[in-house]
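Peer 1: Using our numbering, the first residue of the sequence shown is number 414, and each one after it goes up by one.
Backbone N, C-alpha and C define an ideal beta-carbon position, used for all residues, glycine too.
Note that this is a predicted model, so its numbers are computed, not measured.
Please find one structure pasted underneath; my questions will follow.
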Amino acid sequence: MPQGPHLVVAPGDGKVIAIEEEFEPRFLKERSIRLTIFLNVFDVHINRMPCDGVVEDVQYQPGLFLCKGRRNHCRRIAMKSTGFKSSFGKDGKRRKAAMHLIPNLFTTGNLFCGVYAILSVFNANYMAAAIAILVALIFDVLDGKSARLTNSTSQFGLEYDSLSDVVSFGVAPGLLIYSWALSGQGTFGVAVMFAYVAMGAVRLARFNSTVALSDGKYFTGLAIPAAAGVIASTVVFDHHIVRMGAEVKPIFVLIITLTLSFLMVSTIKYRSFKELKFKGHRQITYLVWGILTLMMVAAWPQVMLFVIFAGYALMGPVERMFWLVARAVGKKSAGKAEVPSLEPKS
């Protein structure tokens, strides 16, 4: 059997309806590529696949009599699944183990930055803690990208990444906002800090339980790394630009923390930007915007980091409000168009 990242070998002749990358929780228990092929039931098919290995699992999924040619019916039709384990050589196993190691190393870097941020908070070095959280964001992006590029996603990597995120983007920012701004509020400050950490953990648990069903284009609720980015960039922005007073800082941080806690567990959709295709005529546009963004961040990082993270956090509610208003206006105009005329006909 040919081997390689993102390689699909399908023992079937027909029309390819969908090719989707998703988490398969039943047999593989890792991210894989689902290939849906439409086979005409009135034809005779002899499907052969040149491979060497052992059939380990055969399962039948009952379903409905639906049109297989439609993409949204792929998961609801009756189908028979066969789990097949190939006999790879020693070199193949070593290569696969090395591929799994790379994302986990980035996740370990994420966890290290989170622990370092916590130690910096204990030493009242809030700028170092904020920078460590921002560096943890970079590691978090790299581990996901490297896992998808090397086709080495696994259930272990998913759980390890989530536990690291709880430390780096949950506990570390929570301790940072408490020691930096809410320590003078007593028990109320502790409650607000705990609300942020708890809502972040709930957000991660919800993501892990629905990752197999998500379309990948949108996140449900604000992602906890983005919420941590808002907090860390706020500390940097205040240290270099604003210098909030002792009376204003607790109120401002209280409002931001409670808002982020609500957004993380809300059902508001946030763009994941995974649907962006850097091909064709659009790649020049994306390249220009990317260069301009990097230039602005490099020239004025204290302000631009806060603007980027705060803008992303507000993008979800703004888009939700826009679509609600547009839908209400559309229904109102449609209702006016359907009102019959009461004037007598001449």
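Assign Gly634 to buried or exposed, taking buried as 16 or more other Cβ atoms, counted over all protein chains shown, within 10 Å of its Cβ.
Peer 2: Along the sequence shown, read from residue 1 onward, the residue named residue 634 stands at position 221. Buried, because 16 or more other Cβ atoms sit within 10 Å of the Cβ of Gly634.
Peer 1: From Arg616 to Val678, what does the alpha carbon distance come to, in whole angstroms?
Peer 2: For the purposes of this step, residue 616 is identified with residue 203 of the sequence shown, where counting begins at 1. For the purposes of this step, residue 678 is identified with residue 265 of the sequence shown, where counting begins at 1. Rounded to the nearest angstrom, the two C-alpha atoms are 6 angstroms apart.
Peer 1: Per DSSP, Phe436 is paired with what?
Peer 2: Indexing the sequence shown from 1 puts residue 436 at position 23. Per DSSP, Arg444.
Peer 1: If you reduce the DSSP assignment to three classes, tell me which class Lys630 lands in.
Peer 2: As a first step, residue 630 must be located in the sequence shown, where it is residue number 217. Coil.
Peer 1: What's the C-alpha gap between Val457 and Phe675?
Peer 2: What you label residue 457 is simply residue 44 of the sequence shown in a count that begins at 1. What you label residue 675 is simply residue 262 of the sequence shown in a count that begins at 1. In this prediction, Val457 has a pLDDT of 49, which is less than 50 and means its spatial position is unreliable; what the coordinates show is noted afterwards. Computed Cα separation, rounded: 55 angstroms.
Peer 1: Which residues in the same chain have their Cβ closer than 8 angstroms to the Cβ of Ala614, if we skip the five residues on either side of it in sequence?
Peer 2: Taking the first residue of the sequence shown as 1, we reach residue 614 at position 201. Taken in chain order, the residues that qualify are Val579, Gly583.
Peer 1: Kindly indicate the opening and closing residues of the beta strand (DSSP E) around Tyr683.
Peer 2: Looking up residue 683 in the sequence shown gives position 270. Looking at the DSSP string, the run of the beta strand (DSSP E) that includes Tyr683 is 682-684.
Peer 1: Alpha carbon to alpha carbon, how far is Phe722 from Ala380? Give it in angstroms, no decimals.
Peer 2: Limits of the chain in this structure are 414 at one end and 759 at the other, which puts residue 380 out of reach.
Peer 1: Looking only at its chain, what residues have a beta carbon closer than 6 angstroms to the beta carbon of Ala608, apart from the 5 residues adjacent to it on each side?
Peer 2: Residue 608 sits at position 195 when you count from the first residue of the sequence shown. So the qualifying residues of the chain are Ser674.
Peer 1: Specify, as a first and last residue, the run of the alpha helix (DSSP H) that Gln598 falls within.
Peer 2: As a first step, residue 598 must be located in the sequence shown, where it is residue number 185. Premise fails: Gln598 is in no alpha helix (DSSP H) and is neither H nor E.
Peer 1: If you draw a straight line from the C-alpha of Lys745 to the C-alpha of Thr680, how long is it?
Peer 2: As a first step, residue 745 must be located in the sequence shown, where it is residue number 332. As a first step, residue 680 must be located in the sequence shown, where it is residue number 267. Whole-angstrom Cα-Cα distance: 25 angstroms.
Peer 1: Consult DSSP for Ala659 and reduce its assignment to one of helix, strand or coil.
Peer 2: Position 246 of the sequence shown holds residue 659. Three-state result, Ala659: coil.
Peer 1: Just to confirm, is the Cβ distance from Ile644 to Leu589 under 8 angstroms?
Peer 2: The residue given as residue 644 occupies position 231 in the sequence shown. The residue given as residue 589 occupies position 176 in the sequence shown. Taking 8 angstroms as the Cβ cut-off, Ile644 and Leu589 qualify as a contacting pair.
Peer 1: Quick one: what's got a C-beta closer than 8 angstroms to Ile546's C-beta in the same chain, skipping five residues either side?
Peer 2: Residue mapping note: residue 546 aligns to position 133 of the sequence shown, counting from 1. Same-chain partners within the cutoff: Cys526, Gly527, Ala530, Ser581, Phe582, Ala585, Pro586, Leu589, Ala641, Gly642, Ile644, Ala645.
Peer 1: Is Val521 helix, strand or coil by DSSP?
Peer 2: Residue 521 sits at position 108 when you count from the first residue of the sequence shown. The sequence as given places Thr at residue 521; Val does not occur at that position. Helix.
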